[in-house]
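Taking it in order: structure first as structure tokens, then the write-up.
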Amino acid sequence: MKSKSLPRVRIAYTLKILTKNPLVLIGVIIATIIVILSLFSHVLVNPNLANSVTFSNQLCWGNHLINWGPSSTYCRNNHFYFLGTDYFGRDLLSMIILALPLDLAIAGIIVTSAFFIGLSLGSIAAYSGSFVDNIILRITDLFLSIPALLLALVIAVVFGPSLINLTLIIMVLWWPIYTRLSRGQILAEKEKNYVEALKSMGAGDLRIIFRHIVPNSIFPLLVQATIDIGSVILIVSSLMFLGFSPAQNLPELGNLVSEGIQNIYSAPWLIIFPGATIFTVALAFNLMGDGLRDLLDPRLRR
Amino acid sequence: MGLLRFLAKRLLLMVGVLFGVSVIIFVLSRGFPGKYPPWVQYLSSLSSNPSPVVIEQIKAAHGFNLPLYEQYFFWLRDVFSGNWGISVWAGNLPTYTVFAKRFPLTVELAVSALIVTLAIGIPLGILSATRSGKLPDHFARLVSISGYSLPVFWLGYLLQLLFAYYFKIWNLPYLPSSGAADTAFIGTVPVITGIPVLDSLLEGNIPYFQSAFAHLILPTLTLSLSLLGYLTRTVRSSMLEVLRQDYIIQARSKGLSERVVIYRHALRNALIPAITIMGLIFAFTLGGVVVIEYVFSWPGVGWASLQAIFVNDSSFLMLFTIVSAAIIGLSNLAVDVIYGILDPRIRLK
């Protein structure tokens with residue numbers, strides 16, 4: 001993996017994978033759109049909308065393209081709302097756009113920190129003697145054998161729901177996966193011939209680890225990280241949905257679904273569209289991760 | 303190492319893990335009396351603002367004043383006496399009784415979801431691998447990746463809206479959206495196993511069976527759609543790898559039909575990695591039931607654990623996590639043993 005000509009081969013191969021796999025391309029496009037939308041969300045939508053109340057346009061559907069059934073109502077005066085309004089008369093589409101950056105930021109912070117905690121503990125486990133290795137492995141065992149959502153709920157009840165707590169909680173739950181993964185990767189990489197060759201040439205341990213072994217074993221972790229952006233958004237929104245939202249009006253996708261449930265039959269759009277957004281974001285990152293895995297898996301190359 | 307020694311070692315490790323799990327949950331739920339202190343379930347719901355005297359009385363009466371490690375020993379005493387503590391919120395019953403009554407319902411949901419997942423996931427994975435890069439593969443990829451991108455709670459409500467609410471509006475045969483059977487059957491039919499679908503069949507009670515089965519459909523669908531992705535992807539990638547092996551080329555060159563090559567020669571080896579992720583699937587199932595039972599008001603242990611969380615009933619939470627951890631641990635152990643039997647190259651370490 002040290003050859004200079006490799007990057008160009010990689011780019012060509014990447015393009016080939018993208019054209020062969022339309023779904024991956026779709027994932028990349030959706031993810032780009034979502035990231036751009038969330039970067040500019042405060043320009044597109046007035047951030048004060050979250051705290052505004054317009055009871056004249058409460059729980060109404062803003063166009064005549066869809067008939068939601070007998071218990072739902074259309075907005076008065078033909079006021080146009082693309083995705084209808086919620087209990088406080090707020091435009092749902094704007095609320096969804098407002099919610100995007102928060103969800104993405106939480107997921108990004110959690111995955112990045114879990115990645116680095118896991119990578120460092122994993123390398124320590126793989127490189128130190130069996131005693132430390134065993135201790136680290138047993139701790140990951142412990143965390144991996146409790147259903148993650150349940151542990152998150154217990155911690156959230158105990159320490160109270162706040163954004164920082166929620167982020168910390170999920171971080172605590174997520175590092176074991178990366179520890180396991182990086183430990184396995186590094187153990188396998190350590191036994192390869194080129195490491196032997198480096199050692200015989202007199203390269204130091206630290207140099208071998210950080211210049212050679214870690215870069216060569218990091219790709220599966222990157223795939224996992226891409227997929228985990230989606231998974232973390234799912235678990236964050238599940239926690240918010242189950243009632244761990246720090247504030248009632250917080251524009252967060254799971255919270256929006258949760259707030260919509262009281263009016264599920266009169267305003268089904270309040271559940272359908274925020275949930276569909278969570279699904280789309282998770283799907284985009286999962287499609288990307290899936291394509292990355294194909295890209296990096298030498299067994300699938302022809 | 304012999305199988306028995308391997309089993310003994312792993313079971314011993316598992317006991318350690320279960321002990322660790324119980325300590326984690328115990329310290330979390332008893333050690334930090336924040337918004338929901340563990341004695342909150344003993345307060346009567348009428349007194350919204352209890353006097354400090356009442357709280358002190360409750361704390362003294364139920365041992366919440368003792369040091370944490372002593373409380374843990376009291377919990378251990380409750381465990382060995384068989385009642386695992388008292389769950390006040392569930393009618394002042396022993397925690398074990400509360401759990402045991404609901405557990406069969408969770409088993410019903412989990413098992414039916416696993417059956418559906420296996421029945422769809424394995425053929426879909428095979429199809430995806432044998433038509434790799436073609437339309438069926440893209441379809442299977444989309445289905446499985448969608449599966450693990452779905453917010454479970456959202457899917458649950460979506461199915462409820464469609465099959466319970468809109469089907470009713472459109473005068474189509476609609477499905478029930480909450481509970482494990484019609485309320486008319488609850489308490490009136492004898493309980494044998496606690497699993498409504500099985501009980502009704504054992505008693506030959508056809509209306510009860512129809513009701514229980516209809517109630518099972520939507521939660522099962524929700525759970526299995528969210529599990530499907532992992533299985534399909536694993537079957538696909540292991541099948542692809544097996545199909546590239548020399549013995550498959552040889553089987554094809556012998557002139558065997560593609561069907562025989564795939565189902566008689568390749569599938570058996572390709573399913574081994576699929577078995578190894580069953581432990582993971584069990585773990586996901588147990589996490590998923592908490593949300594799904596809540597969405598469908600399914601009276602199993604997942605929903606109960608959510609209710610227990612909000613009154614900080616540490617004894618119920620510990621029982622639930624210990625049972626979950628034991629199930630995950632045992633299924634991982636079973637996977638390792640089956641793995642060794644199916645693939646003699648792998649030795650148990």
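Quick note, the sequences are listed as chains V and F, same order. If you use the working numbering, the first sequence corresponds to residues 1 to 302, in order. If you use the working numbering, the second sequence corresponds to residues 303 to 651, in order. All C-beta atoms in this analysis are idealised placements derived from N, C-alpha and C, irrespective of residue type, glycine included.
(request) Could you tell me the distance, in whole angstroms, from the CA atom of residue 311/F to the CA atom of residue 202/V? (result) Position 9 of the second sequence, counted from the first residue, corresponds to residue 311/F. Position 202 of the first sequence, counted from the first residue, corresponds to residue 202/V. In a straight line, the C-alpha of residue 311/F is about 40 Å away from that of residue 202/V.
(request) Return the residue from the list 428/F, 391/F, 330/F that minimises the CA-CA distance to residue 344/F. (result) On the second sequence, position 42 is the one that residue 344/F refers to. Comparing Cα-Cα distances from residue 344/F to each of 428/F, 391/F, 330/F, the minimum goes to 391/F.
(request) Please decide whether residue 70/V counts as near chain F, where near means a Cβ-Cβ distance under 8 Å. (result) If you number the first sequence from 1, residue 70/V lands on position 70. Yes, its Cβ sits closer than 8 Å to a Cβ of chain F.
(request) Between the Cα of residue 239/V and those of 192/V, 152/V, 19/V, spot the shortest distance and give me the residue it belongs to. (result) Here residue 239/V is taken as the residue at index 239 of the first sequence, counted from 1. The residue with the shortest Cα to Cα distance from residue 239/V is 152/V.
(request) Express the C-alpha separation of residue 265/V and residue 36/V in angstroms, rounding to a whole number. (result) Position 36 of the first sequence, counted from the first residue, corresponds to residue 36/V. Position 265 of the first sequence, counted from the first residue, corresponds to residue 265/V. About 33 Å.
(message) Can you confirm whether residue 502/F, when its beta carbon is compared against all beta carbons of chain V, has any partner nearer than 8 Å?
(response) One-based indexing of the second sequence puts residue 502/F at position 200. Judged by the 8 Å Cβ criterion, residue 502/F is not in contact with chain V.
(message) For the alpha helix (DSSP H) containing residue 571/F, name the first residue and the last one.
(response) Along the second sequence, one-based indexing puts residue 571/F at 269. That run of the alpha helix (DSSP H) goes 569-578.
(message) For a test of the three-state rule: what should DSSP assign to residue 292/V, helix, strand or coil?
(response) To locate residue 292/V, count along the first sequence from 1; it is residue 292. Reduced to three states, the DSSP call for residue 292/V is helix.
(message) Using CA atoms only, rank isn't needed, just tell me which of 291/V, 21/V, 141/V is closest to residue 224/V.
(response) Position 224 of the first sequence, counted from the first residue, corresponds to residue 224/V. Ranking the options by Cα distance to residue 224/V, first place goes to 291/V.
(request) Assign residue 591/F to one of two classes, buried (16 or more other C-beta atoms within 10 Å of its C-beta) or exposed (fewer than that). (result) In the second sequence, counting from the first residue as 1, residue 591/F sits at position 289. When all chains shown are included, residue 591/F counts as buried.
(request) Could you tell me if residue 339/V is buried or exposed, where buried requires 16 or more neighbouring beta carbons within 10 angstroms of its beta carbon? (result) Nothing in the structure corresponds to residue 339/V, since chain V is present only between 1 and 302.
(message) From the DSSP secondary-structure annotation, give me the bridge partner or partners of residue 14/V.
(response) Looking up residue 14/V in the first sequence gives position 14. DSSP, once it has assigned bridges, lists no residue as partnering residue 14/V.
(request) Taking only the alpha-carbon atoms, compute the straight-line gap between residue 307/F and residue 146/V and give it to the nearest angstrom. (result) In the second sequence, counting from the first residue as 1, residue 307/F sits at position 5. In the first sequence, counting from the first residue as 1, residue 146/V sits at position 146. Distance between the alpha carbons of residue 307/F and residue 146/V: 26 Å.
(message) Between which residues of its own chain and residue 641/F is the CB-CB distance below 7 Å, once the five residues before and five after are set aside?
(response) Residue 641/F sits at position 339 when you count from the first residue of the second sequence. Excluding positions up to five away in sequence, the list reads 574, 577, 578, 648.
(message) Could you tell me the alpha carbon to alpha carbon distance between residue 620/F and residue 162/V, rounded to whole angstroms?
(response) Counting from 1 along the second sequence, the entry for residue 620/F is found at position 318. Counting from 1 along the first sequence, the entry for residue 162/V is found at position 162. Whole-angstrom Cα-Cα distance: 24 Å.
(request) Could you tell me whether the Cβ atoms of residue 386/F and residue 374/F are closer together than 8 Å? (result) The residue given as residue 386/F occupies position 84 in the second sequence. The residue given as residue 374/F occupies position 72 in the second sequence. Their beta carbons are not under 8 Å apart, which means residue 386/F does not touch residue 374/F by this criterion.
(message) By alpha-carbon positions, which one of 367/F, 318/F, 582/F ends up nearest to residue 536/F?
(response) The residue given as residue 536/F occupies position 234 in the second sequence. The option with the nearest alpha carbon to residue 536/F is 582/F.
(message) Cβ closer than 9 Å: which chain F residues qualify as neighbours of residue 234/V?
(response) Locating residue 234/V in the first sequence gives position 234, where the first residue counts as 1. Residues of chain F passing the Cβ test: 450, 451, 452, 453, 454.
(request) Please name the residue in 568/F, 630/F, 525/F, 361/F whose C-alpha comes closest to that of residue 411/F. (result) Stepping through the second sequence from its first residue, residue 411/F is reached at position 109. Of the candidates 568/F, 630/F, 525/F, 361/F, the one whose C-alpha sits nearest the C-alpha of residue 411/F is 525/F.
(request) Taking residue 601/F and residue 466/F to be in contact with their CB atoms under 8 Å, please state how far apart those CB atoms are, rounded to whole angstroms. (result) The count along the second sequence starts at 1 and reaches residue 601/F at position 299. The count along the second sequence starts at 1 and reaches residue 466/F at position 164. About 18 Å separates the two Cβ atoms, so there is no contact after all.
(request) Starting from the C-beta of residue 114/V, find all residues in its chain whose C-beta is less than 7 Å away, skip the five residues before and the five after it, and write them out in chain order. (result) Along the first sequence, one-based indexing puts residue 114/V at 114. Within the same chain, residue 114/V has close Cβ partners 171, 174, 175, 178.
(request) Flag this pair as touching only if the stretch 419-430 of chain F and the stretch 498-510 of chain F have three or more C-beta atom pairs under 8 Å; answer yes or no. (result) no
(message) Here's a check: name, in chain order, each residue in its chain whose Cβ is nearer than 6 Å to the Cβ of residue 345/V, leaving out the five neighbours to either side.
(response) Residue 345/V is absent from the model: chain V starts at 1 and stops at 302.
(message) Strictly under 8 Å for the Cβ-Cβ distance: is residue 241/V near chain F by that measure?
(response) Stepping through the first sequence from its first residue, residue 241/V is reached at position 241. Taking Cβ atoms only, chain F reaches closer than 8 Å to residue 241/V, which makes this a yes.
(message) Within 10 Å of its beta-carbon, does residue 321/F have 16 or more other beta-carbons around it, so buried, or fewer, so exposed?
(response) The count along the second sequence starts at 1 and reaches residue 321/F at position 19. The residue is exposed, with fewer than 16 neighbouring Cβ atoms inside 10 Å.
(request) Note the first and the last residue of the continuous alpha helix (DSSP H) segment covering residue 536/F. (result) As a working note, residue 536/F is residue 234 in the second sequence. Residues 508-545.
(request) Could you tell me whether any Cβ in chain F is nearer than 8 Å to the Cβ of residue 3/V? (result) Residue 3/V sits at position 3 when you count from the first residue of the first sequence. In this predicted model, residue 3/V has a pLDDT of only 45, less than 50, meaning its place in the structure is not dependable; the value taken from the coordinates is given anyway. No, because no Cβ of chain F sits closer than 8 Å to the Cβ of residue 3/V.
(request) Run down chain V in chain order and give the residues with a C-beta less than 7 Å from the C-beta of residue 435/F. (result) Here residue 435/F refers to the residue found at position 133 of the second sequence. Within 7 Å Cβ-Cβ: 20.
(request) Show which residues of chain V have a CB atom less than 9 Å away from the CB atom of residue 440/F. (result) Stepping through the second sequence from its first residue, residue 440/F is reached at position 138. What residue 440/F touches in chain V: 21, 22, 23.
(request) With a threshold of 16 other CB atoms inside 10 Å of the CB of residue 41/V, please say whether the residue is buried or exposed. (result) Mapped onto the first sequence, residue 41/V falls at position 41. So residue 41/V counts as buried.
(request) Mark residue 348/F as exposed unless 16 or more other C-beta atoms lie within 10 angstroms of its C-beta, in which case mark it buried. (result) Sequence index remark: in the second sequence, residue 348/F carries index 46 (1-based). A caution first: residue 348/F carries a pLDDT of 49, below 50, which makes its placement in the model unreliable, though a value can still be read off. By the neighbour-count rule (16 or more Cβ atoms within 10 Å), residue 348/F is not buried but exposed.
(message) Does chain C have any CB closer than 8 Å to the CB of residue 485/F?
(response) Among the chains of the structure shown, chain C does not appear; the protein chains present are V and F.
(request) Could you check what DSSP says for residue 68/V in three-state terms: helix, strand or coil? (result) Stepping through the first sequence from its first residue, residue 68/V is reached at position 68. Of the three classes helix, strand and coil, the one that applies to residue 68/V here is coil, per DSSP.
(request) Could you have a look at residue 396/F and say whether DSSP puts it in helix, strand or coil? (result) Along the second sequence, one-based indexing puts residue 396/F at 94. Of the three classes helix, strand and coil, the one that applies to residue 396/F here is strand, per DSSP.
(message) Just checking: is the beta-carbon of residue 159/V within a distance shorter than 8 Å of some beta-carbon in chain F?
(response) Position 159 of the first sequence, counting from 1, holds the residue named residue 159/V. Yes, its Cβ sits closer than 8 Å to a Cβ of chain F.
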